[in-house]
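Protein sequences appear in the order of chains A and B.
Using the working numbering, the first residue of the first sequence is number 1, and each one after it goes up by one.
Using the working numbering, the first residue of the second sequence is number 185, and each one after it goes up by one.
Cβ coordinates follow ideal geometry from the N, Cα and C atoms, glycine included.
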Amino acid sequence: MNDRTRRFEAAALPHLPAAYNLARWLLRDDRQAEDAVQEAYLRAFRFFDDLRGDAARPWLLGIVRNACYDWMRQHRHLADQVEFDELRDSGDAAAAFGDPALAWERQARGQRVDAAIEALAPPFREVIVLRELEEMSYEDIARVAGIPIGTVMSRLSRARALLRTALQAEVPHESKQGRRDASS
Amino acid sequence: MQAVDDDDELGALIRREGTRHAPSAALADRIRADLRGREAPAPGAGRSFPARWLQALALFGAGAATAWGLALALLVAPVADATSDALTDSHVRSLMGAHLADVASSDHHTVKPWFAGKLDFSPPVIDLASDGLPLTGGRLDYVDGHPVAALVYRSGPHVINLFVWPAADARARAPQSVVKRGYNLVHWTEAGMQAWAVSDLNAAELQAFAALARERMAQGTATR
């Protein structure tokens, strides 16, 4: 094991949970996410020398994200393959994406938040995952997704509105009550 | 209803109820193993590309060579195979009965004119008597869709059938040896003629015969 490999492992492996979480949310499949992350790490290793003083985390997650989009293009993500349209894809997310039966099943298992996020189009899904689950700054999210900070903010607010609608529409009354109690 | 109206509350809800998928321990191991596998050609990112290309090229070359070899084996070899089979048959047949020669003569001045009018080409009839390989005669045969001249030589007790007919092109080809059912065959092309020597003579002696015959064929055209 040479010095370069050691440095790369020290810089990149700590971000494996974040990398995997992003890939898993984008690809919605354990094995595909693992393969995409593995491929992304190899890519990152090849271009490790490009990383000079920048933060490793957004750099690495950017590569993981691109690997996932490549994966989607190459594989069977037909619904996600359609060119993203900010306006069209802002419609009723729950109706437009995902299998309603599956969504219902998830909901019954108390996974309605997951189901609502999964139902989002990938560009909305990724900003929610990076912001809420990985708690990244707007600046870092912009670097990962390769978009301006303003776009990050507008997508984030769109995505939140979609989630709100989806959750309010589907959440039974008493559980909404319970959640308010828990969060306030 | 107000629970998720606020961004912070929505965020809190997502963090509380949303899944942060955790990678399996095996994934980190897979990546580490992968990195160790790749580290050898990695000192400079730029360096690995030519190496990669070379590797791809070598791989392609190997593939092409295999395909070529296969094509040769499948397409060309059966043709040569069919010919050598037919010639071996003819050689065996010539030894079975009394049909070794249509014209029995050790004089090539007798044998060569005998073919005139029977073939649409004039086969080189080479005198190798001084090399201990006397001509004993000639006959007509039909091989592979061609009328061919069969010249019969002797080497001690062994019979050598030398089959000659015009080659498809003028290119000379060095002798190649084949073994068919215990008979040795040597094939070459010289002076626009293809020649097959078939005998139960051992391979080395038949090759020596072939080398001599080939040399004389080449000289024949030079002096003609």
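Three or more Cβ pairs closer than 8 Å define a contact, and the segment 354-365 of chain B falls short of that threshold against the segment 307-320 of chain B. In the pairwise beta carbon analysis, the segment 363-380 of chain B is classified as touching the segment 338-354 of chain B: at least three pairs are separated by under 8 Å. About 6 Å separates the CB atoms of residue 284/B and residue 336/B; that is less than 8 Å, so the two are in contact.
Contact check for residue 45/A and residue 222/B: beta-carbon distance about 6 Å, within the 8 Å limit, so the pair qualifies. The DSSP-derived three-state label of residue 378/B is strand. Residue 340/B is classed as exposed because its beta carbon has fewer than 16 other beta carbons within 10 Å across all chains shown. Assigned with DSSP and collapsed to three states, residue 191/B falls in helix. For residue 331/B, the enclosing beta strand (DSSP E) has its first and last residue at 330-339. Residue burial annotation: residue 3/A is exposed, with fewer than 16 other C-beta atoms found within 10 angstroms of its C-beta. Across the set 206/B, 346/B and 271/B, the C-alpha of 346/B shows the shortest separation from the C-alpha of residue 401/B. For a Cβ distance threshold of 8 Å, nothing in chain A lies close to residue 236/B: the least Cβ distance comes to about 10 Å.
Contact between the segment 159-168 of chain A and the segment 52-66 of chain A is absent, with fewer than three C-beta pairs closer than 8 Å.
Annotated three-state conformation of residue 296/B is helix, per DSSP. Partner residues in the beta bridge of residue 325/B, as assigned by DSSP, are 332/B. Close to chain B, meaning a Cβ-Cβ distance shorter than 8 Å, are the following residues of the segment 114-125 of chain A: 114 and 117. Sequence-distant partners of residue 384/B (beyond 5 residues in either direction) whose C-beta falls short of 8 Å from its own C-beta, in its chain, are 342, 343, 366, 367 and 368. Selection 191/B, 331/B, 273/B and 252/B evaluated against residue 301/B yields 331/B as nearest (Cα-Cα).
Under the Cβ criterion of 7 Å, residue 212/B is counted among the residues facing chain A. For residue 351/B, no alpha helix (DSSP H) run applies, since DSSP gives it neither H nor E. The beta carbon of residue 16/A sits closer than 7 Å to some beta carbon of chain B. Put simply, of 51/A, 56/A, 38/A and 47/A the residue whose alpha carbon is nearest the alpha carbon of residue 71/A is 38/A.
Secondary structure of residue 307/B (DSSP, three-state): coil. Burial is judged here by how many other beta carbons sit within 10 angstroms of a residue's own beta carbon; residue 240/B has fewer than 16 and is exposed. Cα atoms of residue 251/B and residue 235/B: separation of roughly 24 Å, rounded to the nearest angstrom.
The beta carbon of residue 374/B sits no closer than 7 Å to any beta carbon of chain A. The contact set of residue 219/B on chain A, defined by CB atoms closer than 8 Å, consists of 5, 8, 9, 41, 42 and 45 in chain order.
Take residue 308/B, set aside five residues on each side of it, and the residues of its chain with a beta-carbon closer than 6 Å to its own are 401 and 404, in chain order. Between residue 18/A and residue 134/A a beta carbon distance of about 5 Å is seen, short of the 8 Å cut, so the two are scored as contacting. Our two residues, residue 298/B and residue 322/B, have alpha carbons roughly 8 Å apart in a direct line.
In this structure, the straight-line span from the alpha carbon of residue 199/B to that of residue 206/B is close to 14 Å.
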